[in-house]
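Peer 1: Counting from 393, one number per residue, gives the positions in the first sequence under the numbering used here.
Here a beta-carbon is modelled for each residue, glycine too, at the ideal position from N, C-alpha and C.
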Amino acid sequence: MKPVIIIQGPTAVGKSSLALEIAQKLNLEIISADSRQVYKYMDLATAKPTKEEQKLVKHHLIDVITPDQAYNAGRFARQATEIIDNSDLKFPIICGGTGFYISSFLEGLCDIPDIDPEVRETLSKNWDSLGSENMYKQLISIDPQLAQKVASNDKQRIIRGLEVYHSTNKKLSAYWEEQGLLEPRKVLNILILDQRETIYQRINKRYEQMVRSGLLDEIKSLLDMGYDEKSPGLTAVGYKELLPYILHKADLAECINLAKQHSRNYAKRQLTWYKRNNFNLVFFRKSINYNNIDSYIKNFMDNY
RNA sequence: GGCGGGAUAGCUCAGUUGGUAGAGCAGAGGCCUGAAAAGCCUUGUGUCCCCAGUUCAAGUCUGGGUCUUGCCA
393 MKPVIIIQGP TAVGKSSLAL EIAQKLNLEI ISADSRQVYK YMDLATAKPT KEEQKLVKHH
453 LIDVITPDQA YNAGRFARQA TEIIDNSDLK FPIICGGTGF YISSFLEGLC DIPDIDPEVR
513 ETLSKNWDSL GSENMYKQLI SIDPQLAQKV ASNDKQRIIR GLEVYHSTNK KLSAYWEEQG
573 LLEPRKVLNI LILDQRETIY QRINKRYEQM VRSGLLDEIK SLLDMGYDEK SPGLTAVGYK
633 ELLPYILHKA DLAECINLAK QHSRNYAKRQ LTWYKRNNFN LVFFRKSINY NNIDSYIKNF
693 MDNY
């Protein structure tokens with residue numbers, strides 16, 4: 393298992409530019425840990441590195457699927473591991489805001505086979521027709537241990553428990569119990585933070601900039617390609633809020649405000665998530681630059 | 001100018017036959033084992049526009065004002 397440098401932080405805090413600078417100076421490659429940058433044709437509101445930036449530094453796990461496809465933490469963990477451990481890369485930088493993906497990569501997930509999306513679709517329809525209570529009762533009778541941990545109206549987790557059982561004939565909680573510990577990987581896990589108010593301001597400004605740069609045209613061309621509001625990719629914050637404007641002529645300013653608001657909500661959830669994780673280094677955005685971080689990185693690299 | 005709707009939590013609005021208020025969203029905090037930019041939990045005292053009246057009791061009824069909005073001129 394190769395050692396890995398990881399850069400995390402809430403959205404709009406400046407992760408990507410730092411990763412890019414480090415990667416350029418030390419000749420490293422970047423693996424994006426971002427649940428939305430995996431989508432082709434969605435560049436602006438995912439804050440994807442530009443084509444120019446991607447020429448400067450090799451980026452992985454960007455543009456790997458089309459917006460009608462679903463991605464998940466398991467695929468990320470598998471693909472990231474594949475790239476890191478089965479290639480010539482010596483020190484990759486994982487950089488991204490999807491903390492769950494990074495945890496899944498580091499700690500591993502239980503070994504559950506891929507589940508046919510139709511199973512989930514059927515369960516989702518049942519949820520709508522039978523109601524949450526009945527679905528939760530099903531989960532209690534199938535997998536009581538899991539049911540205890542899941543809220544009685546948590547559609548996603550109840551359906552996940554049911555789909556695992558229906559597809560594999562084995563309880564999700566049983567998979568959890570069998571899960572072994574992954575060999576710990578050597579990491580330099582860096583967190584970048586900033587004051588809440590500053591993060592929020594940066595989110596707002598950045599989104600306005602995205603709209604000015606042609607976000608509406610990007611979304612229109614996605615629609616022209618045949619993707620719609622049901623496409624998994626288009627459920628991304630910054631995209632879904634603008635669809636009503638494009639499709640039904642809702643008020644643009646309101647849609648933009650909503651997109652900003654959802655981005656702020658997202659940043660808050662990220663910050664809460666980071667509290668559960670351990671980091672080797674925590675920097676404030678203002679104080680961070682390559683010069684005061686490179687000694688840590690070089691030291692980390694020299695030791696492996 | 002005439003006729004009618006509104007005025008209640010930061011915002012959008014509920015409030016039954018009068019008993020001093022409650023949802024969603026926001027905000028704040030939290031959870032998280034393949035949807036994670038997702039999903040979920042906790043957290044709601046606010047001149048119920050103002051003044052007067054009726055009443056034991058008025059957001060709720062009556063009168064007068066103010067503001068707002070729609071239609072007609």
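#1: Quick test of your reading: H452 and I423, contact by CB under 8 Å. State the CB separation rounded to the nearest angstrom.
#2: Check V579 in the structure and name its three-state DSSP category.
#3: Roughly how many whole angstroms lie between the Cα atoms of R604 and I584?
#4: Return helix, strand or coil for S427, following the three-state DSSP convention.
#5: If you reduce the DSSP assignment to three classes, tell me which class F675 lands in.
#6: So S496 and F468 are supposed to be a Cβ contact under 8 Å. How far apart are they, rounded?
#7: Cutting at 7 Å between CB atoms, please list the residues of its own chain near M393, excluding the five before and the five after it.
#8: Is V405 closer than 8 Å to D586 when the C-beta atoms are compared?
#9: For Y696, which residues of its own chain have a beta-carbon under 7 Å away from its beta-carbon, when the five flanking residues on both sides are left out?
#10: Could I get the ranges of all uninterrupted beta strand (DSSP E) runs contained in the segment 413-494, with 3 residues as the minimum, in chain order?
#11: For N518, which residues in the same chain have their Cβ closer than 7 Å to its Cβ, ignoring the five residues on either side in sequence?
#12: What are the residues that DSSP puts in a beta bridge with I397?
Peer 2: Looking at the coordinates:
#1: Against the first sequence, residue 452 aligns to sequence position 60. Against the first sequence, residue 423 aligns to sequence position 31. With a Cβ gap of about 4 Å, H452 and I423 count as contacting.
#2: On the first sequence, position 187 is the one that residue 579 refers to. If DSSP states are grouped into helix, strand and coil, V579 belongs with the strands.
#3: Numbered from its first residue, the first sequence carries residue 604 at position 212. Numbered from its first residue, the first sequence carries residue 584 at position 192. Distance between the alpha carbons of R604 and I584: 27 Å.
#4: Counting from one through the first sequence, the residue named residue 427 turns up at place 35. Three-state result, S427: coil.
#5: Position 283 of the first sequence, counting from 1, holds the residue named residue 675. DSSP places F675 in strand when its eight states are reduced to three.
#6: Locating residue 496 in the first sequence gives position 104, where the first residue counts as 1. Locating residue 468 in the first sequence gives position 76, where the first residue counts as 1. Contact holds; Cβ gap of about 6 Å.
#7: Position 1 of the first sequence holds residue 393. Hits under 7 Å: D477, E575 and R577.
#8: Along the first sequence, one-based indexing puts residue 586 at 194. Along the first sequence, one-based indexing puts residue 405 at 13. Against a cut-off of 8 Å, the Cβ pair of V405 and D586 comes out as a contact.
#9: Here residue 696 refers to the residue found at position 304 when the first sequence is read from its first residue. Within the same chain, Y696 has close Cβ partners P395 and K578.
#10: 421-424 and 484-487
#11: Residue numbering aside, residue 518 sits at position 126 when the first sequence is read from its first letter. Closer than 7 Å at the Cβ level, and outside the excluded window around N518, lie M527.
#12: On the first sequence, residue 397 is found 5 positions in, with the first residue counted as 1. DSSP lists I485 and L580 as partners of I397.
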